[in-house]
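> What follows is a structure written as structure tokens; I'll ask about it next.
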Amino acid sequence: MNRFLVVIEKVKSGYSAYSPDLPGCIATGATREETEKNIHEAIELH
Numbered sequence: 007m008n009r010f011l012v013v014i015e016k017v018k019s020g021y022s023a024y025s026p027d028l029p030g031c032i033a034t035g036a037t038r039e040e041t042e043k044n045i046h047e048a049i050e051l052h
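Under this note's numbering, the letters of the sequence shown match residues 7 to 52, in that order.
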């Protein structure tokens, strides 16, 4: 299993996440937990 750095930021509409190691791999969510789930899925599909 590979590990990647993920940055999660609080934004006006909830949270945003991206991985600097995977260009174009981003996710959003209403809560931090939802955003974490979404970025994990995005990394798996990247």
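Every residue gets a Cβ at the ideal spot worked out from N, C-alpha and C, and that includes glycine.
(1) What's the call for Val12, buried or exposed, on a 16-neighbour Cβ count within 10 Å?
(2) Cα separation between Tyr24 and Met7?
(3) Measuring only the C-alpha atoms, how far is Ala33 from Thr41?
(4) Could you work out which residue in Ser22, Pro26, Val17 is closest to Phe10 when comparing CA atoms only?
(5) Taking just the CA atoms, how far does Pro29 sit from Gly20?
So, from the data block:
(1) Taking the first residue of the sequence shown as 1, we reach residue 12 at position 6. Answer is buried; the Cβ neighbour count reaches 16.
(2) By one-based count along the sequence shown, residue 24 stands at place 18. By one-based count along the sequence shown, residue 7 stands at place 1. So the two alpha carbons sit approximately 18 angstroms from each other.
(3) Position 27 of the sequence shown, counting from 1, holds the residue named residue 33. Position 35 of the sequence shown, counting from 1, holds the residue named residue 41. Distance between the alpha carbons of Ala33 and Thr41: 6 angstroms.
(4) What you label residue 10 is simply residue 4 of the sequence shown in a count that begins at 1. Answer by Cα proximity: Pro26.
(5) Within the sequence shown, residue 20 is the residue found at index 14, counting from 1. Within the sequence shown, residue 29 is the residue found at index 23, counting from 1. C-alpha separation (whole angstroms): 22 angstroms.
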